[in-house]
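Line by line, the protein sequences are chains F and A. My numbering numbers the first residue of the first sequence as 465 and each following residue consecutively. My numbering numbers the first residue of the second sequence as 11 and each following residue consecutively. A virtual CB, placed ideally from N, CA and C, is assigned to each residue, including glycine.
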Amino acid sequence: MTVIEAERLTYTYPAGEKPAFRDVNLKIEEGEFVIITGPSGCGKTTLCRCFNGLIPHFYGGKLEGEIRVCGLNVKEHPTYEIAQRVGMVFQNPENQLFALSVEKDVAFGLENLGVPREEIRKRIDWALKITGTYNLKNRPPYELSGGQQQRVAIASVLAMNPDVMVLDEPTSFLDPAGAEKIFEVIERLNREMSMTIILVEHRLDLVSRYADRIIVMHDGRIVMNGDPREVLASEKTRLIGVGIPKATMLYKLLKHRGINLNRPPLYSEEACQVIKEFLSR
Amino acid sequence: MSVFDGFKFRSISSPIHQLDPRAKFIYVCVLFTVAVMFNNIIPLLILFLIQLPIVFMAKVQREWMRSMKGSAVFAIMIFAVNLLSLYFYAGHETFTSILERSLAMTIRFIVLVQSFSIFFLTTSPDTLGLALEQSGIPYELCFAFTTAVRFVPVLAEEAQTIIDAQKARGLEIESGNFLRRIRNYIPILIPLIVNAIRRSLELAETMESRAWGACKNRTNLYVLKIKTNDLLLILFSLLLLTVSIYVSINVYIPSLTSLLI
């Protein structure tokens with residue numbers, strides 16, 4: 465089943481002179497793990513805002529073309545309706561938690577939906593356990609580290625039990641260790657609950673191994689869209705300025721010198737494997 | 011540590027902390043009314059003493075001391091102003107009675123500060139917001155209130171970062187006369203305000219993404235219930251009010267000096 469379907473989508477912010485992105489055609493299937501990457505200002509974040517209706521309902525501006533999310537036409541359904549299907553996690557962990565305790569924050573979305581109290585409690589515990597933050601339940605959010613805050617933010621979206629989770633650079637405020645924990649949680653959601661994941665990310669070194677597909681955006685357009693190995697090994701992707709994983713980079717350098725490995729690896733363990741295979745050939 | 015720590019909620023578990031904010035609010039209101047009703051020293055002194063056991067039950071002696079120390083300057087000012095104005099304008103009274111009246115006014119002020127301090131020290135903003143909500147105040151306003159409280163430490167930290175950054179660029183905050191000092195704060199206020207606006211936009215985005223406004227009857231995870239202790243406090247407050255009204259009408263209150271001599 466297709467969960468997100470965009471056709472010739474073009475959007476201009478109210479104050480914008482030229483479109484933030486144009487002519488975007490995109491299909492995302494249920495259960496897919498998709499990474500969207502590209503240099504800053506290429507329109508990734510703006511595109512994400514369309515997935516749960518923040519664009520056009522919250523931002524205004526001009527949205528042309530068609531976009532359907534979980535069968536709902538984004539232009540016709542308000543954000544709170546789409547938000548039940550599409551969970552959104554943002555960049556800055558600090559500005560996503562606004563209650564005085566973690567528990568209350570995770571409850572927020574469910575309270576808004578009018579879910580009965582007992583059910584809310586159950587879902588809070590469930591979401592906190594999956595994200596590994598159950599022990600933080602009664603702490604005030606401002607006392608937590610960035611990584612913990614971001615995992616609580618994921619829990620608070622998860623508690624609403626969406627079909628799709630959109631994460632907009634969730635690790636850009638975090639250190640590598642914190643980032644890795646976030647990716648583990650995301651990967652778990654995808655693998656164990658077959659939740660559709662759309663992740664905007666620069667740290668491809670850490671995360672591209674989990675992806676089914678990588679989309680590269682540049683100057684408001686989708687320029688590459690396909691298998692992670694193909695996309696990352698392509699010369700075009702490197703020239704745009706995407707941070708190619710070092711393992712893939714090694715593959716390319718070796719290829720340049722006439723050494724052809726079996727396939728482009730995405731992380732160091734895989735690179736070892738591929739090199740071993742090559743040597744024992 | 012500043013005076014404001016004498017009013018800032020600290021999460022401790024005590025019988026006073028567990029009281030319903032509405033009950034505590036009634037108590038504070040009664041205390042206010044009674045304190046304003048009397049201007050003799052003895053009843054005000056009694057009001058002051060009644061609250062001491064509460065401070066100890068709530069285990070907030072240190073914070074309470076801080077609020078008391080913080081209000082000392084104002085207390086002295088109030089005492090001095092009262093003393094001077096009574097001395098020059100109320101010519102018929104003896105000096106001891108003037109002294110006693112000024113002292114009474116000072117204690118009244120201290121009682122007011124004290125009850126405020128106890129209320130805010132022992133009431134978490136979360137339950138206070140909840141109490142507002144359950145008193146029929148629109149949810150949007152209650153939400154704005156708790157969120158504002160939640161972001162006070164964040165903004166304070168941000169202000170410190172901006173101050174450090176501007177100092178590193180050569181801004182001198184502590185120099186010059188009064189007006190100059192106010193002007194020194196402009197390069198700190200502008201980035202702080204701009205950041206706060208940006209932050210509020212991001213918050214709004216998050217709220218939208220979590221189905222803000224999805225249904226009219228939103229649930230609330232917590233519910234406040236009036237318990238036995240709350241009823242006792244309300245009862246005590248009402249008793250205090252009735253007794254005070256009776257005393258202020260029917261009983262002659264002797265001055266402290268007449269009792270001592």
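Nearest to residue i (by Cα), restricted to the options the options
{"i": "LYS18 (chain A)", "options": "A:ASP136, A:ILE172, A:ALA85, A:TYR232", "result": "A:ASP136"}
{"i": "MET629 (chain F)", "options": "F:ALA711, F:ASN516, F:SER732", "result": "F:ASN516"}
{"i": "PRO604 (chain F)", "options": "A:HIS102, A:ALA45, A:PRO25, A:THR156", "result": "A:THR156"}
{"i": "ILE36 (chain A)", "options": "A:LEU241, A:VAL204, A:ILE203, A:ASN50", "result": "A:LEU241"}
{"i": "TYR475 (chain F)", "options": "F:ASN489, F:THR501, F:ILE519", "result": "F:ILE519"}
{"i": "THR543 (chain F)", "options": "A:ILE271, A:SER268, A:ARG220, A:THR267", "result": "A:ARG220"}
{"i": "MET217 (chain A)", "options": "F:PHE562, F:GLU651, F:ASP683", "result": "F:PHE562"}
{"i": "GLY578 (chain F)", "options": "A:LYS226, A:ILE236, A:PHE89", "result": "A:LYS226"}
{"i": "LEU670 (chain F)", "options": "F:GLU648, F:MET681, F:ILE686, F:MET688", "result": "F:GLU648"}
{"i": "ILE60 (chain A)", "options": "A:ARG72, A:ALA45, A:LEU93, A:GLU73", "result": "A:ALA45"}
{"i": "LEU527 (chain F)", "options": "F:CYS534, F:LEU511, F:GLY535, F:LEU536", "result": "F:LEU511"}
{"i": "ALA273 (chain A)", "options": "F:THR635, F:PRO728, F:GLN555, F:ILE546", "result": "Residue 273 (chain A) is absent from the model: chain A starts at 11 and stops at 271."}
{"i": "GLU215 (chain A)", "options": "F:PHE522, F:LEU718, F:ALA675", "result": "F:PHE522"}
{"i": "MET688 (chain F)", "options": "F:ALA479, F:ILE500, F:PHE485, F:GLU469", "result": "F:ILE500"}
{"i": "ASN654 (chain F)", "options": "F:GLU607, F:LEU631, F:PHE637", "result": "F:LEU631"}
8 Å Cβ cutoff, residue i in contact with chain F
{"i": "THR156 (chain A)", "result": "yes"}
{"i": "VAL40 (chain A)", "result": "no"}
{"i": "ARG160 (chain A)", "result": "yes"}
{"i": "SER265 (chain A)", "result": "no"}
{"i": "PRO148 (chain A)", "result": "no"}
{"i": "ASP136 (chain A)", "result": "yes"}
{"i": "MET11 (chain A)", "result": "Because the pLDDT of MET11 (chain A) is 47, which lies under 50, any placement of that residue in the model is unreliable, and the question is left without a value."}
{"i": "VAL164 (chain A)", "result": "yes"}
{"i": "CYS152 (chain A)", "result": "no"}
Buried versus exposed call for residue i [16 or more other C-beta atoms within 10 Å across all chains shown]
{"i": "SER77 (chain A)", "result": "buried"}
{"i": "GLU733 (chain F)", "result": "exposed"}
{"i": "THR595 (chain F)", "result": "buried"}
{"i": "VAL204 (chain A)", "result": "exposed"}
{"i": "SER744 (chain F)", "result": "exposed"}
{"i": "ASN260 (chain A)", "result": "exposed"}
{"i": "PRO25 (chain A)", "result": "exposed"}
{"i": "THR660 (chain F)", "result": "buried"}
{"i": "PHE119 (chain A)", "result": "buried"}
{"i": "GLU110 (chain A)", "result": "buried"}
{"i": "TYR256 (chain A)", "result": "exposed"}
{"i": "VAL624 (chain F)", "result": "Correcting the residue identity first, residue 624 (chain F) is Met in this sequence and not Val. The residue in question, MET624 (chain F), is buried, as its Cβ has 16 or more Cβ neighbours within 10 Å."}
{"i": "MET11 (chain A)", "result": "Bear in mind that the predicted position of MET11 (chain A) carries a pLDDT of just 47, short of 50, making it unreliable; the figure below should be weighed with that in mind. Its Cβ having fewer than 16 others within 10 Å, MET11 (chain A) is exposed."}
{"i": "HIS27 (chain A)", "result": "buried"}
{"i": "GLN170 (chain A)", "result": "exposed"}
Neighbour flag for residue i against chain A, beta carbons, 8 Å
{"i": "ALA697 (chain F)", "result": "no"}
{"i": "PRO692 (chain F)", "result": "no"}
{"i": "MET552 (chain F)", "result": "yes"}
{"i": "GLN613 (chain F)", "result": "no"}
{"i": "MET629 (chain F)", "result": "no"}
{"i": "LYS568 (chain F)", "result": "yes"}
{"i": "GLU558 (chain F)", "result": "yes"}
{"i": "SER565 (chain F)", "result": "yes"}
{"i": "TYR606 (chain F)", "result": "yes"}
{"i": "TYR544 (chain F)", "result": "yes"}
{"i": "PHE637 (chain F)", "result": "no"}
{"i": "SER672 (chain F)", "result": "no"}
{"i": "MET624 (chain F)", "result": "yes"}
{"i": "SER609 (chain F)", "result": "no"}
{"i": "SER732 (chain F)", "result": "no"}
{"i": "GLY524 (chain F)", "result": "no"}
{"i": "ASP571 (chain F)", "result": "Before going further, note that residue 571 (chain F) is Ala rather than Asp in the sequence given. Judged by the 8 Å Cβ criterion, ALA571 (chain F) is in contact with chain A."}
Presumed contact (8 Å Cβ cut-off) between residue i and residue j, rounded CB distance
{"i": "ILE704 (chain F)", "j": "PRO483 (chain F)", "result": "In fact, because the Cβ distance is near 19 Å, the residues do not count as touching under 8 Å."}
{"i": "ILE618 (chain F)", "j": "LEU668 (chain F)", "result": "Their Cβ separation, rounded to whole angstroms, is 20 Å, which puts ILE618 (chain F) and LEU668 (chain F) out of contact at 8 Å."}
{"i": "VAL566 (chain F)", "j": "LEU622 (chain F)", "result": "Rounded, the Cβ-Cβ distance is 13 Å, inconsistent with contact."}
{"i": "ILE588 (chain F)", "j": "GLN614 (chain F)", "result": "Going by Cβ atoms, the distance from ILE588 (chain F) to GLN614 (chain F) rounds to 17 Å, so no, they are not a contact pair."}
{"i": "VAL40 (chain A)", "j": "SER185 (chain A)", "result": "49 Å between Cβ atoms; not a contact."}
{"i": "SER672 (chain F)", "j": "PRO640 (chain F)", "result": "That pair is no contact at about 15 Å."}
{"i": "SER145 (chain A)", "j": "ARG32 (chain A)", "result": "7 Å"}
{"i": "ARG677 (chain F)", "j": "GLU471 (chain F)", "result": "Not a contact, Cβ separation roughly 18 Å."}
{"i": "ASP627 (chain F)", "j": "ARG549 (chain F)", "result": "5 Å"}
{"i": "ILE52 (chain A)", "j": "LEU266 (chain A)", "result": "6 Å"}
Closer than 7 Å: residue i CB and nearest the ligand FMN heavy atom
{"i": "ILE200 (chain A)", "result": "Ligands displayed in this structure: none; no statement on the ligand FMN is therefore possible."}
If you measure beta-carbon to beta-carbon, which residues of the region 211 to 226 of chain A are closer than 7 Å to chain F?
Among the residues of the region 211 to 226 of chain A, those with a Cβ less than 7 Å away from any Cβ of chain F are GLU212, LEU213, GLU215, THR216, GLU218, SER219, ARG220, ALA221, TRP222, GLY223, ALA224, CYS225, in the order of the chain.
Between the region 575 to 591 of chain F and chain A, which residues of the former have a C-beta closer than 7 Å to a C-beta of the latter?
So the list reads GLU575, ASN576, LEU577, GLY578, VAL579, PRO580, ARG581, ILE584, given in the order they occur along the chain.
For the region 190 to 212 of chain A, which residues have a CB atom closer than 8 Å to at least one CB atom of chain F, in sequence order?
Listed by position along the chain: ARG209, GLU212.
Which of the residues in the region 229 to 250 of chain A, read from start to end, lie with their CB under 7 Å from any CB of chain F?
When CB distances to chain F are screened at a threshold of 7 Å, the residues of the region 229 to 250 of chain A falling below it are THR229, ASN230, LEU231, in chain order.
Could you run through the region 488 to 522 of chain F and flag, in chain order, every residue whose CB is less than 7 Å away from some CB of chain A?
Correct list: ASN516, LEU518, PHE522.
Residues in the region 21 to 51 of chain A having any Cβ partner in chain F nearer than 9 Å
Cβ contacts with chain F come from SER21.
Of all the residues that make up the region 55 to 74 of chain A, which are near chain D by a beta-carbon distance shorter than 9 Å?
The structure shown contains no chain D; its protein chains are F and A.
Residues from the region 475 to 486 of chain F in contact with chain A, defined by Cβ distance under 8 Å:
Correct list: empty, as no residue qualifies.
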